[in-house]
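*Asks:* Here the working numbering is used: position 235 in the sequence shown is 235, and no number is missing along the way.
Every residue, glycine too, gets a C-beta built ideally from N, C-alpha and C.
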Amino acid sequence: MVGKDSNSGGTNMWRGKVEETLRSKARAGEKAALILIDPDPSKYRDEMRKILRSYSSEGLIDAILVGGSMGVSEIEISRTIDMLRETGLPIILFPGNVNGISPNADAILFMSLLNSADPYYIIGAQVLGAPIVKRYGLEVLPTAYIVTGDGTAVSHIGWARPIPSELYEVFAAYAMASELLGMRFIYLEGGSGALKPISPQAVRAVRKSTNQYIIVGGGIRSPETALEIVSAGADAIVLGTVFEKDPAKALEIIRAIKSYKG
Numbered sequence: 001m002v003g004k005d006s007n008s009g010g011t012n013m014w015r016g017k018v019e020e021t022l023r024s025k026a027r028a029g030e031k032a033a034l035i036l037i038d039p040d041p042s043k044y045r046d047e048m049r050k051i052l053r054s055y056s057s058e059g060l061i062d063a064i065l066v067g068g069s070m071g072v073s074e075i076e077i078s079r080t081i082d083m084l085r086e087t088g089l090p091i092i093l094f095p096g097n098v099n100g101i102s103p104n105a106d107a108i109l110f111m112s113l114l115n116s117a118d119p120y121y122i123i124g125a126q127v128l129g130a131p132i133v134k135r136y137g138l139e140v141l142p143t144a145y146i147v148t149g150d151g152t153a154v155s156h157i158g159w160a161r162p163i164p165s166e167l168y169e170v171f172a173a174y175a176m177a178s179e180l181l182g183m184r185f186i187y188l189e190g191g192s193g194a195l196k197p198i199s200p201q202a203v204r205a206v207r208k209s210t211n212q213y214i215i216v217g218g219g220i221r222s223p224e225t226a227l228e229i230v231s232a233g234a235d236a237i238v239l240g241t242v243f244e245k246d247p248a249k250a251l252e253i254i255r256a257i258k259s260y261k262g
């Protein structure tokens, strides 16, 4: 059942169009709001489904990321994706490892954790996952993944060497290196539930040094913080923990992102 859309009975309508959809909005000056969903079908409650359908119908969110760094299986991811199909939104895999790949998604953030101390997360997992991604026919979004937050699950599991937010030139150098390596996306990650997000100054340094599509996630808990980050040059904001724990607050943040006029 490669690329099957459980609602239409056909192929995924977004496959092959995800990157251009995101970039066309960025060219128009629109900032993207992305929701990160834990691939646990039991967490995808009726209330959450209703909220996501509402967000989608109002044009408030641009895509859904599905993935996590712990306790993930392809079966759970595929089931979660099947339930998310009702939103009509692009579904992008956010894999923490090879077991985070599913044929049911539209696209995948094919990531390299550039500031990891473990070669497995820089290139090893990618070598193992590449044949699977090709076989499934997923749209690939080549992504430089940089973790800034310390003490989070992703920093521990990925053996990340977190970059202090004040080292702007280091962020810029990573961005330039990844762009020269052909990565078209860069994801600046504070980590799920991080105490604080990446600084706007670091985002601005990355923006000045690259033409990549910049995604920022982790630790964003207020509309003011989100606006500072998109004003600094981020193309997309990812909301995960705040959406799961406080959908009302997440909605405030999303509306702030969508209200931005650059």
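(1) To the nearest angstrom, report how far apart alanine 263 and glycine 29 are at their CA atoms.
(2) Near alanine 160, what residues of its chain come up, given a Cβ to Cβ distance below 6 angstroms and the 5 sequence neighbours on each side ignored?
(3) What first and last residue would you give for the beta strand (DSSP E) that runs through alanine 144?
(4) Rounded to a whole number of angstroms, what is the C-alpha to C-alpha distance between asparagine 99 and arginine 184?
(5) For isoleucine 81, collect the residues of the same chain with a Cβ closer than 7 angstroms to its Cβ; drop the 5 residues on either side in sequence, then sort them by chain order.
(6) With a CB to CB cut of under 6 angstroms and the five nearest residues on each side skipped, what residues in its chain are close to alanine 236?
(7) Considering only DSSP beta bridges, list what phenylalanine 110 is partnered with.
(8) From the DSSP secondary-structure annotation, give me the bridge partner or partners of alanine 160.
(9) Classify valine 127 as buried or exposed, calling it buried when 16 or more other Cβ atoms lie within 10 Å of its own Cβ.
(10) I need the boundaries of the beta strand (DSSP E) containing glutamate 189, first residue and last residue.
(11) State the beta-bridge partners of valine 66 as determined by DSSP.
(12) Is arginine 135 buried or exposed, if buried means 16 or more other CB atoms sit within 10 Å of its CB?
(13) Taking only three categories from DSSP, how would you classify glycine 217?
(14) Between the Cα of glutamate 189 and those of Asp246, Val133, Ala234, Ala63, spot the shortest distance and give me the residue it belongs to.
(15) Would you call the CB atoms of valine 230 and tyrosine 260 closer than 9 angstroms?
(16) Using alpha carbons as the reference points, say which of Pro131, Phe94, Ser54 lies closest to alanine 107.
(17) Which residues in the same chain have their Cβ closer than 6 angstroms to the Cβ of lysine 249, if we skip the five residues on either side of it in sequence?
(18) What span of residues does the alpha helix (DSSP H) with leucine 239 cover, start to end?
(19) Provide the residue(s) that pair with alanine 32 in DSSP beta bridges, ordered along the chain.
(20) I believe tyrosine 174 touches alanine 26 by the beta-carbon criterion, under 8 angstroms. Please report the beta-carbon distance rounded to the nearest angstrom.
(21) Beta-carbon within less than 7 angstroms of proline 247's beta-carbon, same chain only, minus the 5 sequence neighbours each way: which residues are those?
(22) Beta carbon of proline 119, beta carbon of glutamate 76: below 9 angstroms?
*Replies:* Let's see:
(1) Outside the displayed range of the chain (1 to 262) lies residue 263, so it cannot be described from this structure.
(2) Only Asn115, Ser116, Val147 meet the Cβ criterion.
(3) Its beta strand (DSSP E) spans residues 139-147.
(4) Each residue's CA atom was taken as its position, placing asparagine 99 and arginine 184 some 23 angstroms apart.
(5) Non-local C-beta neighbours of isoleucine 81 in its own chain, meaning closer than 7 angstroms and more than five positions away in sequence, comprise Val66, Ile91, Ser102, Asn104, Ala105, ordered along the chain.
(6) Excluding positions up to five away in sequence, the list reads Ala32, Leu34, Ile215.
(7) Residue pairing by DSSP places phenylalanine 110 opposite Pro142 in a beta bridge.
(8) Its beta-bridge partners are Ser116.
(9) Exposed is the call here.
(10) Under the DSSP assignment, glutamate 189 falls in the beta strand (DSSP E) whose first and last residues are 185-189.
(11) The partner list for valine 66 (beta bridge, DSSP) reads Ile37, Leu93.
(12) Burial check for arginine 135: the Cβ neighbour count within 10 Å stays below 16, so the residue is exposed.
(13) Secondary structure at glycine 217: strand, using DSSP grouped into helix, strand and coil.
(14) A check of alpha carbon separations from glutamate 189 across Asp246, Val133, Ala234, Ala63 identifies Ala234 as the nearest.
(15) Yes. Within cutoff.
(16) Comparing alpha-carbon positions, the option among Pro131, Phe94, Ser54 lying closest to alanine 107 turns out to be Phe94.
(17) For lysine 249, the CB contacts under 6 angstroms within the same chain, skipping 5 residues up- and downstream, are Val242 in chain order.
(18) Run containing leucine 239: none in the alpha helix (DSSP H); it sits in the beta strand (DSSP E), 236-239.
(19) In the DSSP secondary-structure assignment, alanine 32 is bridged to Ala236.
(20) Not quite, the Cβ-Cβ distance comes to about 20 angstroms (not below 8 angstroms), so this is no contact.
(21) Excluding the 5 residues flanking it on each side, proline 247 has same chain C-beta neighbours closer than 7 angstroms at Ile51, in chain order.
(22) The Cβ-Cβ distance between proline 119 and glutamate 76 does not fall below 9 angstroms.
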